[in-house]
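Below is one structure; the comments refer to it alone.
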Amino acid sequence: MPELRNLIPNPKPTSTAAWKFYSQKNLTLQMLSDNRLHITNNANIADSYIYTQLRLPAGTYRFGAEVSTPQGAYASNLLRVVIMPRTELTPATWDGTPGRIVTPANSIPEDSTVEFRVMVGPNMNCAIWVRQLFVMSEEDYQHMIANNIAWFDGDGIVRGGASS
């Protein structure tokens, strides 16, 4: 099997340092046990999310995470990918069911800074947690699925496949 690469910084979150939110949002971001990144919306603000940015070469990529059952309402476009400054790619749609969520394959036509967003529900006190994050090439994602791997980081592999 070729070497697979999880490109996201801190894929097994140990701190919130790699994740930010814009000042017009009112969010609480904290770490929970088992490397869970917890997001709470503190106001009735739609389109609330945390994000991290990566510089990626042209190619086709997937963005994924394990997500909890939502508290309150949930964002139906849970995982979003934006080529900066404003080119929105196809998000991972979500029906509120906990588990592995993965975006469709999204093509980046040229070397770009890409923002990866994790959405939270639009109402005050809506919350979710995510963990086992990944950004990887479509080729690496397909190898991962073919080898019944749900997720990996520098410390280990979680077996059991992944949803698409």
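Just so it is clear: in the sequence shown, position 139 is 138 by numbering that gives the first Met the number 0, and no numbers are missing.
All residues carry an ideal CB built from backbone N, CA and C; glycine is no exception.
Quantities reported herein were computed from a predicted structural model and do not represent experimental measurements.
Taken through DSSP and simplified to helix, strand or coil, Y60 comes out as strand. Excluding residues up to 5 positions away in sequence, V80, N105 lie with their Cβ nearer than 6 Å to the Cβ of L88 in the same chain.
Nearest to T15 by alpha-carbon distance, out of I107, V113, T59, S32, is S32. Collapsing the DSSP output to three states places I44 in coil. Taking the CA atoms as reference points, D110 sits about 15 Å from R85.
Look at A145 here: in three-state DSSP terms it is helix.
For the region 82 to 137, the full-length beta strand (DSSP E) segments reaching 3 residues or more read 98 to 101, 105 to 107, 111 to 119, 126 to 136 along the chain.
Our two residues, Y60 and D46, have alpha carbons roughly 23 Å apart in a direct line. Rounded to the nearest angstrom, the gap between the Cα atoms of L77 and V119 is 7 Å.
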